[in-house]
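These notes concern the structure reproduced below.
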Amino acid sequence: MIQFFLGLVFVIAAFGLILSSKRRDGHSQEDVIRSLGFKLAGVLCFAIGIFLFASTSFVIVGADEVGHLKKIYLGKSMKPGQVIAFEGENGPQARILSPGFHFSPFLRVIYKIEFEPVLEIPGGFCGKIVASDGMPLKSGQIFADEWPEDKLNDMLDAEYFLKNRGQKGPQLTVLKPGKYRINRYLFKVDARTPVKDIPAGYVGVVKSNVQQVKEDPNAIEKVKTGLNLEAQVVPVGYKGVWKKVLLPGQYYINDDAFKIIEFDSRVQTWEYSGGYHRRWIDLQIDQEGKIEQKTRDADIPVGKDAADMAISVKVEGWEFPIDLRVLVQVSPEMAPYVVASVGNVQEIEDDILTPTIRSVIRNVVGKVKVFDLIDKRNEIEDEIEAKIIPEGTKAWISIKEIRIGDVILPPELLVSKQREQLAGQLKKTFEEEKLAQETRIETEKKRAMADQQPILMAAQIEKDAAEFRKDASKFLGEGEKFRLMEIAEGQKAQVAILGEDRVLQLSMLRDILDAAKINPDIIKVPTVLVQGTGQGYEGAAAVLGASNIMQVLSQQQKELKSTDKK
């Protein structure tokens, strides 16, 4: 504006100087020089005035700027409630200036020009738009109607937006990352809205606050289960929980209009453990081999990631806790029903399934014996699964598996079995040690035998020779037996013919002669000659009469006769 007034001053001054130069025209040289000076000054002022006028008629917009216009003069007033002018009214204009040179007579006089930076939406974010002018929202409408993707550039043209029934207020449409030349008078943009990123293993359940299409009551699905759970899901575009879920990926979405709930569709583990006081009875073996008992106890806290504390049961009068692990999964198709009924899986876990699981466990376990929980665990787990899986289905949850963890039996129940097992282990250990010792002895024996092999071989040979000698002696004895038997038979015959005395004498004589053959010195030469006329053995006996042998034989004969008389 100041350029305009200065230009006007300089133009008026130029005309004044030119008129003054004409009045000073004369014939003298001094008048000519003075008139020429006024003319030159007038031309200079006129040029300056024209330049100042021209400077109010153009503008240069930078590459990263957007020129915004506010009309001050020569326009009519806007309608009540109108914020942006698009038909020449005074006020903020829908038209904006793009980068470059723009000329219009007295542009800077008629309009106030403001420069705004180009809007940039960084990566990982989207821009939520609020329009300050346009058609009012419909009754019950919270957000303006969404613009089609291919009409986004038209929407961002303020003149097109206002002339084609664009609605004022929050826009359902969002801007994706990039640069935009928009009219900041019309659009206010929050460029720091994070993009919705649904990770792998999850789905996005959409809870819409916007009714985008005409409602059809028949399209709304209402489901009620046996657990007094009720869910209402709707098609895409309806207000409510959408039946269709968003798969893993990035979504540019207006989080004021749509609430995206990340729902874990993976298999999850619910653990019920801890939260009880545990006692142990430890068995130890002293140096004498006796079994000793020691008692210890501890408080077992609930695990950090546990769904709840261990499940307390009562079996055969004994009350004790059981650790449990439950594998569950909510399929992507069932996720909207869970959200519509209770909100999330945690609510179902805490308020519905955990009490059901506890009840089923107590009913099933209460009918068995204590040690069946250890010996027949698989059968008990199968029975529990058969009862709980249908209950999970009622809550749109698939129960994959139920496994019993630690069964915290009272130590008094276990100590007898532990002692029996320990005694068996000791017996086995002793038997193994005995076997080891016997094996060692056998090994040492074999080693010693190997070392004494030459002696053993000689002994074996001697043993075999003795066996042969034994057999030979046996055969010799039998031969001698037969010989003596034959001799006896012969002697019996002699006795029958000669008589016992004669046979005895003959036998004695035979023995003496045999002895004399071996030792001739036992026979002495007689000092008395004895002659006889009888026949028989008298002569021979007389020869030996004076010898020592004869005396011995006579003595033996007397002893025999004495024995016979008795």
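Just so we're aligned: the sequence shown equals residues 1 to 566 in the numbering used here.
Even glycine gets a Cβ: it sits at the ideal position worked out from N, Cα and C.
Here the structure is a predicted model, which means the values were calculated and not measured.
| Asked | Found |
| --- | --- |
| Would you kindly work out how many angstroms separate the C-alpha atoms of Glu486 and Ser507, rounded to a whole number? | 16 Å |
| Which same chain residues end up closer than 6 Å to Ile253 when comparing Cβ atoms and leaving out the 5 residues on each side of it in sequence? | Lys196 |
| Okay, do the region 123-132 and the region 149-169 touch, 3+ Cβ pairs below 8 Å being the bar? | yes |
| Could you spell out where the beta strand (DSSP E) holding Pro332 opens and where it closes? | Looking at the DSSP string, Pro332 is not in any beta strand (DSSP E), and its letter there is neither H nor E. |
| Could you tell me if Glu431 is buried or exposed, where buried requires 16 or more neighbouring beta carbons within 10 angstroms of its beta carbon? | exposed |
| Relative to the C-alpha of Ile96, which residue among Thr429, Ile84 and Lys304 is closest? | Ile84 |
| Measuring CB to CB, does Val345 end up less than 9 Å from Val338? | yes |
| Among Asn164, Asp282, Pro390 and Arg266, whose alpha-carbon lies nearest the alpha-carbon of Lys417? | Asp282 |
| Give the single residue among Asn153, Lys188 and Asp255 whose Cα lies nearest to the Cα of Glu116. | Lys188 |
| If you draw a straight line from the alpha carbon of Gly534 to that of Arg510, how long is it in whole angstroms? | Annotation note: pLDDT 48 at Gly534 (below 50); position unreliable, coordinate value reported separately. Their backbone Cα atoms lie some 21 Å apart in a straight line. |
| Does the distance from the C-beta atom of Glu271 to that of Val326 stay below 9 Å? | yes |
| So, using beta-carbon positions, are Ser312 and Pro321 closer together than 9 Å? | yes |
| Expressed to the nearest angstrom, what Euclidean distance is found between the alpha-carbon atoms of Ile260 and Glu379? | 43 Å |
| For the putative contact between Tyr238 and Ser208, defined by C-beta atoms under 8 Å, what is the C-beta separation to the nearest angstrom? | 7 Å |
| Quick check on Phe187: does DSSP put it in helix, strand or coil? | strand |
| By Cβ distance, which residues of its chain are closer than 6 Å to Gly75, with the 5 residues on each side in sequence left out? | Gly88, Glu89 and Asn90 |
| Mind checking which residues open and close the alpha helix (DSSP H) that includes Gly392? | Arg377 to Lys394 |
| Just tell me which of Gln284, Asp297 and Gln232 has its CA closest to the CA of Gln425. | Gln284 |
| Count the CB pairs spanning the region 149-159 and the region 177-187 that are closer than 8 Å, and state whether there are at least three. | yes |
| Out of His68, Leu69 and Ala257, which one is the CA nearest neighbour of Glu146? | Ala257 |
| Using a 10 Å radius around the Cβ and a threshold of 16 neighbouring Cβ atoms, would you call Ala307 buried or exposed? | buried |
| According to DSSP, is Leu172 helix, strand or coil? | strand |
| Beta carbon of Lys70, beta carbon of Pro92: below 9 Å? | yes |
| Contact defined as beta carbons within less than 8 Å: I believe Lys243 pairs with Val234. What is the distance between those atoms, to the nearest angstrom? | 7 Å |
| In its own chain, which residues sit with a C-beta less than 8 Å from the C-beta of Ile60, not counting the 5 before and 5 after it? | Gly100, Phe101 and His102 |
| To the nearest angstrom, how far is it from the Cα of Lys163 to the Cα of Pro199? | 42 Å |
| Could you check the C-alpha separation between Leu413 and Glu319 for me, to the nearest Å? | 12 Å |
| Put Arg358 into one of helix, strand or coil per three-state DSSP. | helix |
| Only counting the same chain, and skipping five residues up and downstream in sequence, which positions put a Cβ closer than 6 Å to that of Val415? | Ile281 |
| Roughly how many whole angstroms lie between the Cα atoms of Lys367 and Lys428? | 37 Å |
| Applying the 10 Å Cβ sphere with the 16-neighbour rule, what's the burial state of Ile404? | buried |
| Entirely within the region 97-180 and at least 4 residues each: give me those alpha helix (DSSP H) ranges in chain order. | 107-110, 152-156 and 158-163 |
| What do you get for Glu442, buried or exposed, if any count of 16 or more other CB atoms within 10 angstroms of its CB means buried? | exposed |
| How big is the Cα-Cα spacing for Thr295 and Glu420? | 18 Å |
| Bridge partners for Asp264 per DSSP, in chain order? | Tyr202 |
| Below 8 Å on the Cβ atoms is my contact criterion, and I expect Gly274 with Ala310 to pass it. Report the Cβ-Cβ distance as a whole number of Å. | 6 Å |
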